[in-house]
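**Q** The structure under discussion is supplied below as structure tokens; questions concerning it will follow.
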Amino acid sequence: MRATVVIPKEIRGIDGGRFRGDGGGRGAEGGGPLMPTAQLFVWLLIVGVGMLFAALSSAAIVRIGLDGQTLRFPPIVWGNTAVLLLSSLVLGLAQWHVGRQGMFQPSSLRLFGGAVGCGLLFLLGQLGAWYELIQQGILLTSSSAAAFFYVLTAAHGVHVLGGIVALSALWINRRRGAVVRRWLGPVATYWHFLTLVWFALLAILQLR
Amino acid sequence: MATQPTAATVHQEPTSFWRRYIFSMDHKVIAIQYMITAGLMGIIGLVMSWLMRMPLTWPGESIPIAAKIFPGLFEGGVLRPDAYLAMMTMHGTLMVFFFLTAILLGGFGNLLIPLQCGARDMAFPFVNMLSYWVFLLSCLIMLASLFVTGGAAAAGWTAYPPLSAVAAAVPGSGLGQTLWLIAMAVFIVSSVMGGLNYITTVLNLRTQGMSMMRLPLTVWALFVAAIIGLLAFPALFAGAVLLLLDRHLGTSFYLDHIVVGGQHLAREGGNPLLWQHLFWFLGHPEVYILILPPMGIVSEIIANNARKPIFAYRAMVYSIIAIGFLSFIVWGHHMFVSGMNIWLSAAFTLTTLIIAVPSAVKTFNWLGTLWRGKLRFPTPMLFAIGFVSTFVTGGLTGIFLGNPTIDIQLHDTYFVVAHFHIVMATSAVFGVFAGVYYWFPKMFGRLMSERLGKLHFWLTFLGMYGIFFPMHYLGFMGMPRRYYGFGLLQYLAPDTQAIQLFITISAFITGAAQLLFLYNLVWSLWRGKRAEANPWQANTLEWQAPSPPPHGNWGEHMPVVYRWAYDYSVPGASQDFIPQTVPLEQEPTGEHRRAAVAAPELSGNGEAHRNGG
Ligand code: HEM
Ligand SMILES: [Cu+2]
């Protein structure tokens with residue numbers, strides 16, 4: 033048995049759909065909240081994940097600097113970088129399309145799928161990079177630069193995997209307009225953040 | 006529902022037992038789950054502390070009863086040295102993370118944030134539920150480490166390498182330490198999931214009229230504590246990952262030229278200081294995660310029982326924020342003796358002394374709130390005042406320790422143990438007790454017994470001072486912490502043993518007093534006096550909902566807020582309290598003090614106008 037209650041229009045935002053629609057926070061003096069709840073959630077997540085990478089990177093900077101020896105990336109890393117950048121661009125394009133059409137259309141869906149595909153390809157490519165290093169005899173224990181290469185790329189990879197899971201969840205829900213409108217922006221923000229982190233990591237691993 | 010935007014089901018109450026009480030997404034049920042689990046972890050931690058007292062009080066003497074209950078830890082009736090180290094490590098870990106952090110953020114955060122903000126639930130109920138279950142998993146992993154070969158981790162709650170990095174170092178450095186690290190990592194995942202929810206909910210789900218500067222101080226404190234956690238915990242996660250790699254995959258992030266058992270480990274170039282930085286970058290903010298929420302709880306209870314607005318609300322908010330910020334730049338005060346550039350230690354001294362300022366502002370404001378109030382002394386108020394007392398005692402010793410010249414002498418002695426137990430084991434725990442007595446009627450619709458509560462307070466208050474105050478003297482005399490015994494190196498005057506005995510007796514009495522609390526909890530659940538709707542005549546929103554609040558908290562209509570939470574004893578009002586939901590046309594407000602005193606009706610209109618817009 034469930035009681036259905038009509039929510040007055042002015043507070044609908046707070047209650048819309050299982051109590052947690054966006055647009056609550058009317059306590060804010062100006063009326064609405066700063067940003068939609070899902071977007072806020074992801075920005076905060078980015079802050080937390082950012083702190084994780086900040087901690088690992090500062091350790092890497094100090095240690096690699098002390099040892100004075102950096103790692104020559106296996107060439108495939110540059111290919112992977114291009115693929116990741118491409119995924120972000122394509123996802124951005126898909127976002128733009130959905131923003132204009134309000135819904136996934138076949139064209140934006142193809143772009144979206146392409147972005148997910150690029151993400152997977154990036155992860156495979158990273159495994160390839162590790163394989164190349166291992167072939168060269170450069171292991172986790174070989175040097176601090178190698179150790180931090182493995183650690184930082186693994187940490188990044190795990191978060192990319194999380195991003196792929198989120199994108200796939202969105203794919204499964206592609207026909208549900210409300211879910212897409214609520215989550216496409218935030219998930220894409222997270223994805224672009226991981227692309228930025230990737231460039232930061234490449235730079236940090238070359239610092240000496 | 007998406008197709009029917011004007012109608013939403015408010016009472017989507019899950020009907021099956023499992024969905025309602027076990028896999029519940031209701032913030033109030035999750036709060037109680039957190040409280041019960043954290044409470045059990047606290048009880049386990051308490052028993053461990055008794056075990057630790059045994060070799061310190063009666064070195065080498067056999068204690069048959071204890072040996073019978075914990076045969077695995079004793080040998081010949083005496084607690085084994087490795088068991089002592091494991092107990093010490095697990096006691097600290099359980100108390101800091103699995104009891105206090107969990108009960109304050111997971112318990113009170115879940116209970117109070119949606120209710121006091123005027124939300125129907127957390128922003129992401131599913132993530133909230135997940136946070137509890139992941140927390141429970143981390144508890145189980147941590148407890149499992151007690152039963153593996155070699156026993157639980159033994160490197161202290163701070164887990165410094167190399168002790169924590171080299172499996173051959175001591176028995177507890179084996180599987181026990183690995184499980185410790187994994188449990189901590191899982192715990193961190195859970196607390197990040199919780200924290201994201203608390204912050205989002207405070208920012209985005211406040212009800213109409215509830216501006217940030219109208220939030221009760223409890224919510225402010227929990228909000229800032231959650232932000233601290235989100236920023237600080239990842240550093241420990243990073244540290245734990247690197248330590249696991251050092252332990253199991255042969256890296257040397259923390260290790261350099263280690264010799265264990267006559268064998269030289271092939272590890273070079275690492276530095277144990279890296280761990281100390283990563284650990285204390287979390288560790289110090291963590292102690293403020295544990296003190297801010299009690300500060301909020303205490304502010305609420307003191308204002309309510311002094312029947313006065315909290316003194317200098319804005320200063321309280323700003324000092325919470327200042328403490329939150331400063332807590333990130335003082336961590337080096339835990340490392341003065343670890344080898345630190347003298348200018349750097351001067352900088353950390355400076356920041357450490359500065360953080361005492363907002364702490365003192367808060368203390369003065371509590372005193373200012375009490376000053377000439379119409380004081381009532383129910384149990385929550387006793388614990389709140391006890392909090393202020395112990396926070397002053399413990400805060401002052403912190404200032405001593407913040408000076409390297411003194412700290413080099415006192416570091417790793419019982420003086421430090423005294424300092425942090427008076428702020429954490431006493432102040433923060435008093436905040437928890439105050440909160441449980443105060444919000445028990447909200448959670449269960451019944452009041453706890455005042456008679457038992459007061460007895461519990463006095464025994465605990467005197468007992469805690471009895472335990473921890475003498476430890477300052479032991480510290481002065483040079484007694485190091487984390488020592489099982491001194492053997493032939495005994496250099497402390499023999500009569501210090503009398504102090505040890507006094508401490509241990511106090512500890513047993515205080516521990517036993519907690520049975521009163523437990524009995525009171527259980528008795529009151531069924532037999533407690535039924536609470537009226539607003540038993541403390543309080544202003545905050547949670548008392549506008551039924552007790553216990555239904556699923557969705559507010560029934561059909563969301564509450565609308567017209568004033569701050571501290572309209573107590575407003576001149577010209579019909580009662581000495583005015584709930585936040587009372588419109589300004591009905592009652593005056595003291596929110597904007599000067600305007601209100603000068604022309605109550607004018608300020609009232611101005612407010613109403615602003616809200617209407
Ligand atoms: C006025 C504020 C405070 C100051 C200036 C301060 C200062 C210090 C300093 C300098 C130390 C290092 C001592 C050493 O290891 O040699 C220390 C240790 C500690 N403090 Fe505080 N403190 C303050 C408040 C607090 C609060 C409010 C808490 C907790 C709720 C707390 C918890 C701790 C803990 C847990 C340790 C010891 C950690 C360990 O080594 O195991 N402190 N404090
Ligand atoms: Cu500290």
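Going down the list, the sequences are from chains A and B.
Position 168 of the first sequence, counted from 1, bears residue number 200 in the numbering used here, the numbering being contiguous throughout.
Position 363 of the second sequence, counted from 1, bears residue number 368 in the numbering used here, the numbering being contiguous throughout.
C-beta atoms are modelled at their ideal positions from N, C-alpha and C, and glycine is treated no differently.
Assign A/A235 to one of two classes, buried (16 or more other C-beta atoms within 10 Å of its C-beta) or exposed (fewer than that).
**A** Counting from one through the first sequence, the residue named residue 235 of chain A turns up at place 203. Counting Cβ neighbours within 10 Å, A/A235 comes out exposed, since fewer than 16 surround it.
**Q** Taking all protein chains shown into account, decide if B/R319 is buried (16 or more other Cβ within 10 angstroms of its Cβ) or exposed.
**A** In the second sequence, residue 319 of chain B corresponds to position 314, counting from 1. Counting Cβ neighbours within 10 Å, B/R319 comes out exposed, since fewer than 16 surround it.
**Q** Answer with yes or no whether the minimum CB distance from B/T256 to chain A is below 8 angstroms.
**A** Here residue 256 of chain B is taken as the residue at index 251 of the second sequence, counted from 1. Answer yes: the Cβ-Cβ gap between B/T256 and chain A drops below 8 angstroms somewhere.
**Q** Using 7 angstroms as the cut-off, classify the Cβ of B/H269 as near or not near the heavy atoms of ligand 2, replying yes or no.
**A** As a first step, residue 269 of chain B must be located in the second sequence, where it is residue number 264. Checking the Cβ of B/H269 against ligand 2 gives no.
**Q** For ligand 2, any of its heavy atoms closer than 7 angstroms to the Cβ of B/H289?
**A** As a working mapping, residue 289 of chain B is identified with position 284 in the second sequence. Yes.
**Q** Could you tell me the alpha carbon to alpha carbon distance between B/H597 and B/A226, rounded to whole angstroms?
**A** Position 592 of the second sequence, counted from the start, is the residue given in the question as residue 597 of chain B. Position 221 of the second sequence, counted from the start, is the residue given in the question as residue 226 of chain B. Rounded to whole angstroms, B/H597 to B/A226 spans 22 angstroms at the Cα level.
**Q** Taking 7 angstroms as the cut-off, is the C-beta of B/V434 nearer than that to any heavy atom in ligand 1?
**A** Mapped onto the second sequence, residue 434 of chain B falls at position 429. No; taking the cut-off as 7 angstroms, the Cβ of B/V434 has no heavy atom of ligand 1 nearer than that.
**Q** Rounded to a whole number of angstroms, what is the C-alpha to C-alpha distance between A/V81 and A/L125?
**A** As a first step, residue 81 of chain A is located in the first sequence; it is residue number 49 there, counting from the start. As a first step, residue 125 of chain A is located in the first sequence; it is residue number 93 there, counting from the start. Their Cα atoms are separated by approximately 25 angstroms.
**Q** Return helix, strand or coil for B/F129, following the three-state DSSP convention.
**A** Position 124 of the second sequence holds residue 129 of chain B. In the structure shown, B/F129 sits in coil (DSSP, three-state: anything other than H, G, I, E or B).
**Q** Per the contact definition of three or more C-beta pairs closer than 8 angstroms, is the segment 237 to 250 of chain B in contact with the segment 206 to 217 of chain B?
**A** no
**Q** To be precise: take each residue of the segment 177 to 207 of chain A, compare its Cβ to all Cβ atoms of chain B, and keep it if any distance is under 8 angstroms. Which residues remain?
**A** A179, V183 and A187
**Q** Looking at B/F140: is its Cβ nearer than 8 angstroms to the Cβ of B/A170?
**A** Along the second sequence, read from residue 1 onward, the residue named residue 140 of chain B stands at position 135. Along the second sequence, read from residue 1 onward, the residue named residue 170 of chain B stands at position 165. Not closer than 8 angstroms, so no.
**Q** How would you write the range of the alpha helix (DSSP H) that B/D87 sits in, first residue to last?
**A** Numbered from its first residue, the second sequence carries residue 87 of chain B at position 82. Residues P86 to T98.
**Q** What are the residues of the segment 191 to 212 of chain B that lie near chain A, defined by any Cβ-Cβ distance shorter than 7 angstroms?
**A** V197, L201, I204, T205, L208, N209, L210, R211 and T212
**Q** Taking the alpha-carbon of B/F420 as reference, which of B/I334, B/M40 and B/G399 has the nearest alpha-carbon?
**A** For the purposes of this step, residue 420 of chain B is taken as the residue at position 415 of the second sequence. Nearest of B/I334, B/M40 and B/G399 to B/F420, Cα basis: B/G399.
**Q** So, do the segment 362 to 378 of chain B and the segment 322 to 335 of chain B have three or more beta carbon pairs nearer to each other than 8 angstroms?
**A** yes
**Q** Go to B/I525, then tell me how far its alpha helix (DSSP H) extends in each direction, as first and last residue.
**A** By one-based count along the second sequence, residue 525 of chain B stands at place 520. Looking at the sequence itself, residue 525 of chain B is Asn, so the reference to Ile does not match. From DSSP, the alpha helix (DSSP H) with B/N525 extends over T501 to R532.
**Q** Could you check how far apart the C-beta atoms of B/L116 and B/G50 are, in whole angstroms? I think they sit under 8 angstroms.
**A** Here residue 116 of chain B refers to the residue found at position 111 of the second sequence. Here residue 50 of chain B refers to the residue found at position 45 of the second sequence. The Cβ separation is near 22 angstroms, so there is no contact.
**Q** Measure the Cβ-Cβ separation of A/H188 and A/V219 and say whether it is below 8 angstroms.
**A** Here residue 188 of chain A refers to the residue found at position 156 when the first sequence is read from its first residue. Here residue 219 of chain A refers to the residue found at position 187 when the first sequence is read from its first residue. For A/H188 and A/V219, no; Cβs fall outside 8 angstroms.
**Q** Report the three-state DSSP secondary structure of B/F405 (helix, strand or coil).
**A** As a first step, residue 405 of chain B must be located in the second sequence, where it is residue number 400. Helix, per DSSP.
**Q** Can you have a look at B/M627 and say buried or exposed, based on whether 16 or more other CB atoms are within 10 angstroms of its CB?
**A** Because chain B spans 6 through 618 in this model, residue 627 of chain B falls outside it and cannot be assessed.
**Q** Less than 7 angstroms separating the Cβ of B/T398 from some heavy atom of ligand 1?
**A** Along the second sequence, one-based indexing puts residue 398 of chain B at 393. Not under cutoff, so the answer is no.
**Q** Between the C-alpha atoms of B/S216 and B/V566, what's the straight-line distance to the nearest angstrom?
**A** Taking the first residue of the second sequence as position 1, residue 216 of chain B is located at position 211. Taking the first residue of the second sequence as position 1, residue 566 of chain B is located at position 561. Computed Cα separation, rounded: 9 angstroms.
**Q** So, helix, strand or coil for B/V565, using DSSP?
**A** Walking along the second sequence from the start, residue 565 of chain B turns up at place 560. In this structure, B/V565 counts as coil in the three-state DSSP scheme.
**Q** Taking only beta-carbon atoms, is B/A128 less than 8 angstroms away from chain A?
**A** The residue labelled residue 128 of chain B in the question sits at position 123 within the second sequence. It does: the Cβ of B/A128 has a partner Cβ on chain A nearer than 8 angstroms.
**Q** When you measure from the CB of A/V211 to every non-hydrogen atom of ligand 2, does any distance come out below 7 angstroms?
**A** In the first sequence, residue 211 of chain A corresponds to position 179, counting from 1. Taking the Cβ of A/V211 as the reference point, every heavy atom of ligand 2 lies at 7 angstroms or farther away.
**Q** What are the boundary residues of the alpha helix (DSSP H) that B/E305 is part of?
**A** As a position in the second sequence, residue 305 of chain B is number 300, starting the count at 1. Taken as a continuous stretch (DSSP letters only), the alpha helix (DSSP H) holding B/E305 covers P277 to A311.
**Q** Could you tell me which uninterrupted alpha helix (DSSP H) segments, each at least 4 residues in length, are contained entirely in the segment 141 to 215 of chain A, listed from first to last along the chain?
**A** 176 to 204
**Q** Does any heavy atom of ligand 2 sit closer than 7 angstroms to the C-beta of B/V292?
**A** For the purposes of this step, residue 292 of chain B is identified with residue 287 of the second sequence, where counting begins at 1. Checking every heavy atom of ligand 2 against the Cβ of B/V292, one is found closer than 7 angstroms.
**Q** Return yes when the C-beta of B/H339 is under 7 angstroms from any heavy atom of ligand 4, and no when it is not.
**A** Absence of ligand 4 from the depicted structure is noted, with ligand 1 and ligand 2 being the only ligands included.
**Q** In chain A, which residues lie with their C-beta within 8 angstroms of the C-beta of B/L236?
**A** For the purposes of this step, residue 236 of chain B is taken as residue 231 along the second sequence, with counting starting at 1. Within 8 angstroms Cβ-Cβ: V79, G80 and M83.
**Q** Within 7 angstroms: the Cβ of B/H416 and any heavy atom of ligand 1?
**A** Numbered from 1 along the second sequence, position 411 holds the residue referred to as residue 416 of chain B. For ligand 1, at least one heavy atom lies less than 7 angstroms from the Cβ of B/H416.
**Q** Do we get a CB-CB distance below 8 angstroms when we pair A/F136 with the residues of chain B?
**A** Here residue 136 of chain A corresponds to residue number 104 of the first sequence, with the count starting at 1. It does not: the Cβ of A/F136 has no partner Cβ on chain B nearer than 8 angstroms.
**Q** Between the C-alpha atoms of A/R240 and B/D261, what's the straight-line distance to the nearest angstrom?
**A** Position 208 of the first sequence, counted from the start, is the residue given in the question as residue 240 of chain A. Position 256 of the second sequence, counted from the start, is the residue given in the question as residue 261 of chain B. One C-alpha to the other measures close to 21 angstroms.
**Q** What is the rounded straight-line gap between the Cα of B/G255 and the Cα of A/S174?
**A** Numbered from 1 along the second sequence, position 250 holds the residue referred to as residue 255 of chain B. Numbered from 1 along the first sequence, position 142 holds the residue referred to as residue 174 of chain A. Approximately 10 angstroms, taken between the alpha carbons.
**Q** Can you tell me which of B/A174, B/T205 and B/A361 puts its alpha carbon nearest to the alpha carbon of B/F405?
**A** What you label residue 405 of chain B is simply residue 400 of the second sequence in a count that begins at 1. Nearest option by C-alpha distance: B/A361.
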